[in-house]
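J.: According to full-length UniProt numbering, the sequence shown is numbered sequentially starting from 1. Glycine residues also receive a C-beta, built at the ideal position from the N, C-alpha and C atoms. Source: prediction; values computed, not measured.
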Amino acid sequence: MMSTNSFILNTGKDIPRVGLGCWMGHVGDSQDVGEMVRTALRVGYRHLDTASNYGNERSVGLALKESGIPRREVFITTKLAGEDHGRVAQALQTSLANLQTDYVDLFLVHWPQAFTETGKTLQPEESPTISETWKQMEEVFRAGNIILILRRCTHSYSLGKARAIGVSNFSVKTLTTLLEHAHVVPAVNQVEMHPCLPQPPLLAFCRDRGILITAYSPIGKNKFSTDPLVVKIAAAHAAKETQILLSWGVQRGTCVIPKTTKEERLRDNLVLVELSSEEMTALDNLHLSPGMHRSVCGFHSTDLGGSCFGWIYAQLGWDLALGGVASDSA
Ligand SMILES: NC(=O)c1ccc[n+]([C@@H]2O[C@H](COP(=O)([O-])OP(=O)(O)OC[C@H]3O[C@@H](n4cnc5c(N)ncnc54)[C@H](OP(=O)(O)O)[C@@H]3O)[C@@H](O)[C@H]2O)c1
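(1) Please check the pair LEU245 and HIS293, which I expect to be a contact at CB under 8 Å, by giving their CB distance rounded to whole angstroms.
(2) Along the chain, where does the beta strand (DSSP E) containing ASN189 start, and where does it finish?
(3) Is any non-hydrogen atom of ligand 1 found closer than 8 Å to the C-beta of LYS240, if you look at the structure I gave you?
(4) State the start and end residues of the unbroken beta strand (DSSP E) segment that holds PHE7.
(5) What residue from ARG71, ALA81, ALA91 and ARG72 has the CA that sits closest to VAL27's CA?
(6) In chain order, what residues of the same chain have a beta carbon less than 6 Å from the beta carbon of GLN136, not counting five sequence neighbours either side?
(7) Compare the C-alpha of ALA91 against each of GLN100, SER52, THR77 and GLU125 and name the closest.
(8) Can you tell which of GLY19, MET36, ALA164 and LYS173 has its C-alpha closest to the C-alpha of VAL184?
(9) Straight-line CA distance for ASP208 to ASP284?
(10) When you compare only the Cα positions, how much space is there between ALA239 and ARG17?
(11) Tell me the rounded alpha-carbon separation between SER171 and ARG42.
(12) Which word fits THR116, buried or exposed, when buried means at least 16 other C-beta atoms lie within 10 angstroms of its C-beta?
(13) Give me, in chain order, the residues of the same chain whose beta-carbon lies closer than 6 Å to that of ARG249; leave out the 5 immediate sequence neighbours on both sides.
(14) Excluding sequence positions up to five away, which residues of its chain have a Cβ less than 6 Å from the Cβ of LEU322?
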């Protein structure tokens, strides 16, 4: 069994390799998210992933507070909503108040698209652009974080409200746009990643630049756990299929943030196995089988040949050309 400890971010800080996804399939605070977080903390999770858009930061923060576990022992990620791209500091403050904490360990731009107050999507060249939003992210990161650059090593002493900053749902194309004017390289890019959407070029691009990938929907929302290859590898390790999918993710150097409300599954998802190089390659290639290359998320639209929240795939830099996308809700 592989130990489930941490990766190191480009800030020098640790991030536990397995975290708890807190998107519950519906927006808002609820008893179920609070209970899930309480149980997860009790069974050993120390990394929680939420977002302003999930509307459940209050429940997540309350569950952490009630657990009695010191704040410094838990890594918290939250995300900036599209409506807030022009007021980053204010949005962060609201998230901190909801979470009942003085800082988050990681603050991500949830999507590259910015929205107006009324929910209209702005096009990439409209203000606030990605570069303008990232400048504000850098400002909240710099405030309170003392960064020492010593030759090749970067050490940061963090007292700020966002101990690391990053992005989510960014591609090579949108990251390239961001990096053109960036002074701080994102610590993380959180994207959909599992054997049906392994995205090797994005993984390599991020790795080369010191950006850690966090894989969301890392067990593919449990939609292909019955695939014969996954079943066979699980049998060989006397493990669950979902553990094989998470082990593959961690072994290729990505953080994973599975979501489950069930205690037994929470425990299972923390236990990883060591896969052989043959098994890793077989899983890497699973998406090449007919019909397998796909997103499992329901936020895709067929408008203009494929789009998502108002940007077409070409603007997002997404390549879903090999297959279809899920039609159910995220
Ligand atoms: N940045 C973004 O735009 C973005 C987008 C999507 C997701 N995310 C993040 O990623 C997290 C995880 O993604 P996700 O929820 O889409 O997908 P996921 O974690 O791949 O799958 C969740 C589903 O799998 C089931 N499941 C979990 N563990 C299992 C196990 N051991 N055995 C069998 N079934 C299991 C869960 O059901 P039960 O709960 O019934 O067990 C749930 O239906 C989210 O919660 C969110 O934090 C981020």
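T.: The answer reads as follows:
(1) Under the criterion of beta carbons closer than 8 Å, LEU245 and HIS293 do not qualify as touching, at roughly 16 Å.
(2) Per DSSP, the continuous beta strand (DSSP E) segment holding ASN189 begins and ends at 188-192.
(3) Yes - ligand 1 has a heavy atom lying nearer than 8 Å to the Cβ of LYS240.
(4) Where PHE7 is concerned, the enclosing beta strand (DSSP E) stretches over 6-8.
(5) Of the candidates ARG71, ALA81, ALA91 and ARG72, ALA81 places its Cα closest to the Cα of VAL27.
(6) These residues qualify, in order along the chain: VAL88.
(7) Checking every option, the nearest Cα to that of ALA91 belongs to SER52.
(8) Closest by alpha carbon: ALA164.
(9) Cα to Cα, ASP208 sits roughly 19 Å from ASP284.
(10) Cα atoms of ALA239 and ARG17: separation of roughly 19 Å, rounded to the nearest angstrom.
(11) Their backbone Cα atoms lie some 35 Å apart in a straight line.
(12) Residue burial is scored here from C-beta neighbours: THR116 has fewer than 16 other C-beta atoms within 10 angstroms and is therefore classed as exposed.
(13) Residue 249 is actually Gly in this sequence, not Arg. So the list reads ALA215, PRO218 and VAL256, once near-sequence residues are dropped.
(14) Residue placement at LEU322 cannot be trusted, given a pLDDT of 45 that sits under 50; what the coordinates show is reported in the next sentence. Same-chain partners within the cutoff: HIS293.
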